[in-house]
Amino acid sequence: MTAFTVSALQETCLPISINGEYRQSAGPEIDCFDPTNGQVWCRISDCSDAEVDAAVRAAGDAMRNPAWRDITQSQRGALMLRLADILEENVERIAEIEVKDNGKLLREMRALAQALPVGLRYFAGMADKIEGTTIPVNKPDMLNFTVREPLGVIGVIIPWNSPLFMMIRAIAPALACGNSVVVKPSEHASAGAIAFAELMTQAGFPDGVFNLITGYGHSAGNALISHPGIAKIDFTGGPSTGRVIARNAAEQLTPASLELGGKSPHVVCDDADLDAAANGVVAGIFAAAGQTCVAGSRCFVQENVYDEVVEKIIEKTRAIKIGDPRSDDVQLGPLALWSQVEKVAEFVETARSQGATLAFGGGRPEGLGDGWYVEPTIFTDVTNDMHIAREEVFGPVLGILKFTDEDDLLTQANDSDFALASGIWTGNINRALRFMRRIEAGMVWINTYRSPSIMSPSGGFKDSGYGKHNGFAAIQEYSRIKTVVIDYSGAQQDAFVMRVTK
Ligand code: NAD
200 MTAFTVSALQ ETCLPISING EYRQSAGPEI DCFDPTNGQV WCRISDCSDA EVDAAVRAAG
260 DAMRNPAWRD ITQSQRGALM LRLADILEEN VERIAEIEVK DNGKLLREMR ALAQALPVGL
320 RYFAGMADKI EGTTIPVNKP DMLNFTVREP LGVIGVIIPW NSPLFMMIRA IAPALACGNS
380 VVVKPSEHAS AGAIAFAELM TQAGFPDGVF NLITGYGHSA GNALISHPGI AKIDFTGGPS
440 TGRVIARNAA EQLTPASLEL GGKSPHVVCD DADLDAAANG VVAGIFAAAG QTCVAGSRCF
500 VQENVYDEVV EKIIEKTRAI KIGDPRSDDV QLGPLALWSQ VEKVAEFVET ARSQGATLAF
560 GGGRPEGLGD GWYVEPTIFT DVTNDMHIAR EEVFGPVLGI LKFTDEDDLL TQANDSDFAL
620 ASGIWTGNIN RALRFMRRIE AGMVWINTYR SPSIMSPSGG FKDSGYGKHN GFAAIQEYSR
680 IKTVVIDYSG AQQDAFVMRV TK
């Protein structure tokens, strides 16, 4: 497959994919920018309601098509394995397209693209292991069991920061369970998902199992989540959009899982390996230029090692090489959106005005042309009530706070609207486990950070959303339980009394 490469996509208006076929949308065009130079590099379309309707209908038809509905679970798994093999051959191409769209490091996008076949194989292996249970009800001569079945058409909405990684973690379990999908990627980064659509056909999935529409959230996205043909919404994005989605989903009584933002606490205790911890803190916030939901943006350092740790963090930050995300030695690329650059500047201004000390960065690096670069930025003397400690920046900005003891740490760390990820560096396992128990976060990393696995459940609490991706938990998200009761006594039933278990 060579059609969808960066050079082939350049300056074209990219198609959508409905019922196994690429087609040009009739909707108005949207410019997609290359963050390394701020120039338009390709265009996508803002799909109309009719096009969204056609995609959902195609996915609904696929659920009724014997070619998908009636194949065995193992055959479903085999299709997914074939897709994984095809994806593996396309890792570099996919990574290059995604870098063009969101400006993240090629090394990072390559690593994420390499994880896609791994995720598909993991869930392919589950396709024929999705079991119900037999329930020993208190009724002789009665068999009660459950079966798990697909939900129907899953509407998947993804953000721009790691498009295909976010998409595969949703569609792999959805397909393993026998659902069909309609995906709407971010208007800022759709090209990778568009290129992916063809691989589904190559792998042999029946038409309509995978459909892809493009456009803005308020138009195409809204049409998708409001469509009565959607059985479940799988949303990854910001908390304010999450609230809109949840409200609209409630109108239709459509279940939704929401993977939202974070303001994750990243803790350095006085008994930690301080060099490893400082390294972890720097990677936890500046990798992906801070544009990751799990960014360790609230760093808590124990007061007796505060100055030493701050110095180490600044020293490591000073060594960060900023530049073209395609260069192997670059560690910090541009931000994906110009609006993000402006947002970071506002955060910096507010943090200063509220009394935080700007200890490093805070501006834009020179000599990098019109690219959307910002410096890695560190604030010290941050307190937990400051804007910089409470709101998600989604950029390379670290706030460093102090704590005295475990109670003080947990009081501060849990005083947040968010509860997505957390990390702690300590040489004391008891301390680490006490933190793990008491911290309000969906993920806890101990002496490591930003270490996700498709095999391990991920998702947050509080304003970070609800529902789980990854791991066996995802299978429960994309399947439903049906209860079956068989009376094999042959006895006549009292027609007027419910046969409730006593
Ligand atoms: P966003 O909420 O602006 O957009 C996400 C998606 O929602 C896009 O596809 C957008 O078009 C769509 N959308 C917007 N309004 C909509 C509406 N009314 N109806 C339907 N769809 C709509 O988020 P973003 O700026 O693309 O991504 C950044 C956010 O995503 C951050 O908050 C980040 O923390 C979060 N995120 C979370 C995770 C996670 O796993 N928890 C992972 C990645 C990103």
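In this note's numbering, the protein residues as written are 200 to 701. Glycine included, each C-beta is placed from N, C-alpha and C at the ideal position.
Could you check how far apart the C-beta atoms of residue i and residue j are, in whole angstroms? I think they sit under 8 Å.
i: L459; j: G598; result: At roughly 20 Å, the Cβ-Cβ gap does not stay under 8 Å, so L459 and G598 are not in contact.
i: L305; j: I367; result: In fact, because the Cβ distance is near 19 Å, the residues do not count as touching under 8 Å.
i: V547; j: G561; result: 5 Å
i: Y677; j: L350; result: 6 Å
i: A588; j: A618; result: Not a contact, Cβ separation roughly 15 Å.
How many angstroms separate the CA atom of residue i from the CA atom of residue j?
i: A266; j: L534; result: 43 Å
i: D569; j: L208; result: 22 Å
i: P358; j: L342; result: 46 Å
i: S526; j: Q274; result: 41 Å
i: D284; j: K520; result: 35 Å
i: M262; j: G354; result: 14 Å
i: M200; j: R637; result: Caution applies to M200, whose pLDDT of 40 falls short of 50 and renders its modelled position unreliable; the value that the coordinates give is listed next. In a straight line, the C-alpha of M200 is about 50 Å away from that of R637.
i: S389; j: I243; result: 8 Å
i: L286; j: I334; result: 41 Å
i: N289; j: L557; result: 43 Å
i: I628; j: E514; result: 28 Å
i: D340; j: Q490; result: 58 Å
i: E210; j: H668; result: 35 Å
i: R442; j: T682; result: 32 Å
i: I674; j: S655; result: 12 Å
i: A373; j: D693; result: 42 Å
i: A394; j: N218; result: 15 Å
i: C468; j: T204; result: 47 Å
i: D583; j: D614; result: Looking at the sequence provided, one finds Asn at residue 583 rather than Asp. Their backbone Cα atoms lie some 8 Å apart in a straight line.
i: Y687; j: N421; result: 49 Å
i: F434; j: A690; result: 50 Å
Can residue i and residue j be called in contact, C-beta distance under 8 Å?
i: D580; j: D616; result: no
i: A326; j: G407; result: no
i: P595; j: T576; result: yes
i: A430; j: L363; result: no
i: V317; j: I623; result: no
i: V466; j: T516; result: no
i: N447; j: A254; result: no
i: K303; j: A487; result: yes
i: K462; j: S496; result: yes
i: E507; j: L473; result: yes
i: P234; j: Q223; result: no
i: G437; j: I356; result: no
Could you tell me if the beta carbon of residue i falls within a distance shorter than 7 Å of some heavy atom in the ligand NAD?
i: H586; result: no
i: E386; result: yes
i: V443; result: yes
i: T440; result: yes
i: C492; result: yes
i: T413; result: no
i: K383; result: yes
i: N301; result: no
i: W359; result: yes
i: I353; result: no
i: K417; result: Sequence check: residue 417 is His here, not Lys. Under cutoff, so the answer is yes.
i: L619; result: yes
i: N669; result: no
i: G479; result: no
i: F593; result: yes
i: E458; result: yes
i: T211; result: no
i: M399; result: no
Check the Cβ-Cβ distances between residue i and every residue of chain C, and say whether any is below 8 Å.
i: V255; result: Here chain C cannot be found, since the structure has a single protein chain.
At which residue ranges does the stretch 232–301 contain complete beta strand (DSSP E) runs of 3 or more residues, listed in the order of the chain?
You should have 238–244.
If we require 3 or more residues per run, which beta strand (DSSP E) segments fall completely within the stretch 334–395?
Positions of the beta strand (DSSP E) runs, each at least 3 residues long and wholly inside the stretch 334–395, are given as 341–349, 352–356, 379–383 in order along the chain.
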